[in-house]
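**Student:**
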Amino acid sequence: MSVLVELTIFPTDKGVSVSPYVARVVEIIRASGLSCQLGPMGTSIEGEWDDIMAAITKCYRELATDCDRIYIVMTADCRRGAVNRLQGKVESVESKL
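The working numbering puts the first residue of the sequence shown at 3, with every later residue one more than the last.
1) Considering glycine 17, what are the terminal residues of the beta strand (DSSP E) in which it resides?
2) For aspartate 15, which residues from the same chain have a beta carbon less than 7 Å from its beta carbon, with the 5 sequence-adjacent residues on both sides left out?
3) Cα separation between glutamate 29 and lysine 60?
4) Roughly how many angstroms lie between the CA atoms of arginine 63 and phenylalanine 12, to the nearest whole one?
5) If you measure between the beta carbons of valine 5 and isoleucine 54, is that distance less than 8 Å?
6) Quick check on arginine 81: does DSSP put it in helix, strand or coil?
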């Protein structure tokens, strides 16, 4: 089953700018080999459930090494037989504009 996840994860105890921590997380996601797209409020990830959850767990553990409070929001859309949803969903909407 294809899973499309929007992940937001960052520490809340590191001041106003948390981009260095977000960059650490994005590096982990990219290194996982999963299809992903960085956005202004989160990162979209496409793949199989177990692979995505393994990557998210690595992200959490990385931040937990030096962060005392971590905010995580994850939404998931699971769809049997779907592929290339990162671009496909956007293209579908743009074609109707």
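We put the beta carbon where it would ideally sit given N, CA and C, even for glycine.
**Tutor:** With the structure as the only source:
1) That residue, glycine 17, is in no beta strand (DSSP E); it is neither H nor E in DSSP.
2) Cys69, Asp70 and Arg71
3) 11 Å
4) 12 Å
5) yes
6) strand
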